[in-house]
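So the sequence shown is numbered by the working numbering: it starts at -16 and just counts up by one. Cβ coordinates follow ideal geometry from the N, Cα and C atoms, glycine included. Quick caveat, the model's predicted, so the values are computed rather than measured.
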Amino acid sequence: MELDLVGATEIAEMLGISTQRVSQLAVKETFPVPVAVLAAGRVWLRTDVEKWARETGRLSE
């Protein structure tokens, strides 16, 4: 099973926002919990971020 992981850069591209804005959103309680924190930063499951983005109106179906 392959996991599709995304970091702040990929999330920013997905949502059309800056990586700084991703960092701001990531500290909110409603944002998905990262699956790992690496030396390069936090990573999330793409499916979790996409679900959150649809639920909050930041990503269209």
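Spatial distance of residue i from residue j (CA atoms)
| i | j | result |
| --- | --- | --- |
| L45 | G(-1) | No answer is possible for residue 45: the residues shown for the chain start at -16 and end at 44. |
| T30 | K11 | 18 Å |
| L(-14) | Q7 | 25 Å |
| G40 | A23 | 28 Å |
| M(-3) | T13 | 18 Å |
| T(-8) | A9 | 13 Å |
Beta-carbon contacts of residue i that lie in its chain and below 6 Å, excluding the five residues immediately before and after
| i | result |
| --- | --- |
| W35 | P15 |
| L(-12) | V26 |
Spatial neighbours of residue i in its chain, beta-carbon cut-off 7 Å, leaving aside the 5 residues before and after
| i | result |
| --- | --- |
| P17 | R25, V26, W27 |
Beta-carbon proximity check, residue i vs residue j, cutoff 7 Å
| i | j | result |
| --- | --- | --- |
| V20 | I(-6) | no |
Range of the contiguous alpha helix (DSSP H) that encloses residue i
| i | result |
| --- | --- |
| R41 | Here R41 belongs to no alpha helix (DSSP H), and DSSP marks it neither H nor E. |
Residue i (DSSP reduced to helix, strand or coil)
| i | result |
| --- | --- |
| V32 | helix |
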